Amino acid sequence: MAEKPKVAMYWCASCGGCEESVVDLAEDILFVVENVDIIFWPVAMDFKRSDVEKFADGEILVSMINGAIRSSEQYEMAQLLRKKSKIMIAYGACSHMGGIPSLANEFRKELIQNYVYSEAPTVSNPDETRPQPILKENGREVELPVLWETVRALDQVVDVDYYIPGCPPTPKILKNALVTLLSGNLPPKGTVLSPDVALCDECPRKDTKPTDLQFKEFKRPHLVEIDPELCFLAQGLICMGPATRSGCEALCIGGNMPCSGCFGPTSRVRDHGAKFLSSIASSVDAKTEPEIDEILNGIPDPVGTFYRYGLAKSTLHRRLNL
Amino acid sequence: MMENKSNGNGQKEWQPKIVAFFCNWCTYTAADSAGVSRIKYAPNIRIIRVMCSGRVDPQFILDSFAKGADGVLIGGCHPGDCHYQEGNYKCLRRFRLLQRVINSFGIEPERLRLEWISASEADRVRVVVNEMVNQVKALGPLALPQKYEELKKEIEHHPVTSEIKEE
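In the order they appear, the protein sequences are chains A and B.
The opening position of the first sequence corresponds to residue 1 in the working numbering, with each subsequent residue numbered one higher.
The opening position of the second sequence corresponds to residue 1001 in the working numbering, with each subsequent residue numbered one higher.
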């Protein structure tokens, strides 16, 4: 029997949800095991970095990396897997666009570390201990990874062939991607493996979307009772659907929550947040500055709302002039 | 690319780059008329003619900053005078929200300005451009391309030595 193609899966700055999404394949996981050899997957199987180093360059067919890149170790692993793999896939929103971790780009590293290691209410750290790059213990010296100032998407540090979007990707998206890759009939490099149309296209509430939106106020999902049939935008709730790529089968919508944009933009859009801001703001139903501002103040955190999954890949990348 | 700021001893003064999006029907015509009337104003703006201030996609503005503009000026018709009825209102609404967004990214809101200048207000072009150039000069260079280059250095730095140097 011919050798099965080798697949590696690795995680960087992520929550583990992407790993979970592989398990969510349920019985389809048998399809995966039948067709590929998983040679590296630290979350589920006991392989070490040295096992990967033993492979020849390009010997691994596909490496799927989830999570953003924000430490020297994650960067090294991304480089190593890139070298050993024919195809590199950014798996999930963090790897694709920076994801939730890249919201850290609104702050300085020092500020984040101060909070995490000292100021958080649940932390007691009287010695003000901080992670050190070198640890000396019992005469041994251990080198630890360094946290970067800026959180990056995978393609900002290594060459990426394809993207599987989502927070996390759905089982259907993952299975379709694997079938495509194993077929050998590869799409053009740089393709996001999900339909290139807006989510509204597959939204069950499509018919209730007004042709001419007018926002008199913006509501927040946790403060109102949400109509389960009516378009969220028509209810004054921010739904990123019109600016977000489809393919998730409108899962959040089905759960009566508006889209928050995890699949990223379609291929025609360069800056997901700016494009959505443009569409939302232009539909504010006011003509004078004070009235406009009053309505727009209903969006308390525009960056966190419009760039929730994509700050690293946005035009401006991060906060500067810190 | 970035010149030194003058300290009054004959060095070349740093000149801000300002990208201006002027609408075809009002502000661009005013700027044209300013030129014909030989009205002098600061040469720091690069005018891009758009059909309407409502055509100014926030992506254009962010791109301008990211590619090295120190300021962005948008000029449109006065409220109620838009050639396309509503375009300038759409622009105003986007502008109000975008100013909050760029502020969160560490870009001073004064670097983005929106002005209504009608076709007959050639002298207003002079006043607004001069004011904005002075304001941006006072803020200094934004220099995003250089800052992005600076940020990239942490990728290639040897992890251990870079951290020790910081401390």
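Every residue gets a Cβ at the ideal spot worked out from N, C-alpha and C, and that includes glycine.
Since the structure is predicted, the reported quantities are computational estimates derived from the model, not experimental observations.
I need the boundaries of the alpha helix (DSSP H) containing residue 1064 of chain B, first residue and last residue.
Counted as a single uninterrupted DSSP element, the alpha helix (DSSP H) harbouring residue 1064 of chain B occupies residues 1058 to 1066.
Per-residue DSSP class, three states only, for residue 1167 of chain B:
With a pLDDT of 38 at residue 1167 of chain B, under the threshold of 50, the modelled position of that residue is not reliable, and the figure given next carries that caveat. For residue 1167 of chain B, the three-state secondary structure derived from DSSP is coil.
Which residues in chain B have a C-beta closer than 8 Å to the C-beta of residue 75 of chain A? List them in chain order.
Correct list: 1155.
Using a Cβ cut-off of 7 Å, pull out every chain A residue sitting near residue 1081 of chain B, in sequence order please.
For residue 1081 of chain B, there are no neighbours in chain A by C-beta distance under 7 Å, as the nearest C-beta there is about 13 Å away.
Could you check the C-alpha separation between residue 132 of chain A and residue 147 of chain A for me, to the nearest Å?
So the two alpha carbons sit approximately 10 Å from each other.
Which complete beta strand (DSSP E) runs does the segment 39 to 68 of chain A hold, if anything under 3 residues is left out?
For the segment 39 to 68 of chain A, whole beta strand (DSSP E) runs of length 3 or above, ordered along the chain, are 60 to 66.
Quickly, what does DSSP pair residue 136 of chain A with across the bridge? List them, please.
Partner(s): A/141.
Neighbour-count burial assignment, residue 124 of chain A, 16 or more Cβ in a 10 Å radius
Counting other Cβ atoms within 10 Å of its Cβ, residue 124 of chain A stays below 16 and is therefore classed as exposed.
Beta-carbon of residue 1073 of chain B versus every beta-carbon of chain D: anything under 8 Å?
As a matter of chain content, chain D is missing from the structure shown, whose protein chains are A and B.
Over what stretch of residues does the alpha helix (DSSP H) that includes residue 97 of chain A continue unbroken?
Boundaries of the alpha helix (DSSP H) harbouring residue 97 of chain A: 93 to 97, taken from the DSSP string.
Would you report the Cα separation of residue 11 of chain A and residue 101 of chain A, rounded to the nearest angstrom?
Straight-line Cα distance between these residues: approximately 13 Å.
Nearest chain A C-beta to residue 1101 of chain B closer than 8 Å, yes or no?
Taking Cβ atoms only, chain A reaches closer than 8 Å to residue 1101 of chain B, which makes this a yes.
Could you check which residue in B/1069, B/1128 and B/1047 has the C-alpha nearest to that of residue 1143 of chain B?
Put simply, of B/1069, B/1128 and B/1047 the residue whose alpha carbon is nearest the alpha carbon of residue 1143 of chain B is B/1069.
Contact set between residue 292 of chain A and chain B, taken where Cβ atoms lie within less than 8 Å:
One finds 1092, 1093 and 1096 in chain B with Cβ atoms closer than 8 Å to the Cβ of residue 292 of chain A, taken in chain order.
Express the C-alpha separation of residue 103 of chain A and residue 1155 of chain B in angstroms, rounding to a whole number.
If I take the Cα positions, the gap works out to 19 Å.
Among A/264, A/320, A/212 and A/288, which one has its Cα closest to the Cα of residue 279 of chain A?
For residue 279 of chain A, the nearest C-alpha among the options comes from A/212.
How many angstroms separate the CA atom of residue 282 of chain A from the CA atom of residue 122 of chain A?
If I take the Cα positions, the gap works out to 43 Å.
State the DSSP-derived secondary structure class of residue 1004 of chain B, mapped to helix, strand or coil.
In this prediction, residue 1004 of chain B scores a pLDDT of 48, lower than 50, which makes its location untrustworthy; the coordinate-derived value is nonetheless stated afterwards. If DSSP states are grouped into helix, strand and coil, residue 1004 of chain B belongs with coil.
Counting pairs of Cβ atoms below 8 Å between the segment 58 to 69 of chain A and the segment 134 to 141 of chain A, do you hit three or more?
Flag = no, the segment 58 to 69 of chain A and the segment 134 to 141 of chain A do not touch.
Pairing CB atoms from the segment 155 to 163 of chain A with CB atoms from the segment 90 to 98 of chain A, are three or more of them under 8 Å?
Because the criterion of three Cβ pairs below 8 Å is met, the segment 155 to 163 of chain A and the segment 90 to 98 of chain A touch.
Given a cut-off of 8 Å on the beta-carbon distance, is the pair residue 296 of chain A and residue 259 of chain A in contact?
Contact flag unset, no.
Any idea what DSSP makes of residue 1087 of chain B, helix, strand or coil?
Here residue 1087 of chain B sits in helix by DSSP.
What's the gap between the Cα of residue 1022 of chain B and the Cα of residue 82 of chain A?
Their backbone Cα atoms lie some 46 Å apart in a straight line.
Cα-Cα, which of A/77, A/176 and A/85 is closest to residue 29 of chain A?
The option with the nearest alpha carbon to residue 29 of chain A is A/176.
Could you please give the first and the last residue of the uninterrupted beta strand (DSSP E) stretch that includes residue 164 of chain A?
Residue 164 of chain A -> beta strand (DSSP E) spans 162 to 164.
I need the straight-line Cα distance from residue 18 of chain A to residue 25 of chain A, nearest angstrom please.
Each residue's alpha carbon lies about 12 Å from the other.
Whole-angstrom distance between residue 1129 of chain B and residue 1045 of chain B, CA atom to CA atom:
The C-alpha of residue 1045 of chain B lies about 8 Å from the C-alpha of residue 1129 of chain B.
Just to confirm my understanding: we take residue 202 of chain A, look at its own chain, exclude 5 residues before and 5 after, and list those with CB closer than 7 Å. What are they?
Hits under 7 Å: 246, 249 and 250.
Look at the Cβ atom of residue 271 of chain A, then the Cβ atom of residue 1097 of chain B, and state whether they are nearer than 8 Å.
Remark: C-beta atoms of residue 271 of chain A and residue 1097 of chain B do not approach each other more closely than 8 Å.
Interface residues of chain A facing residue 1062 of chain B [CB-CB closer than 7 Å]
Near residue 1062 of chain B (Cβ distances below 7 Å), the residues of chain A are 271, 274, 315 and 316.
Residue 75 of chain A to residue 1065 of chain B span [Cα, whole Å]
Rounded to the nearest angstrom, the two C-alpha atoms are 28 Å apart.
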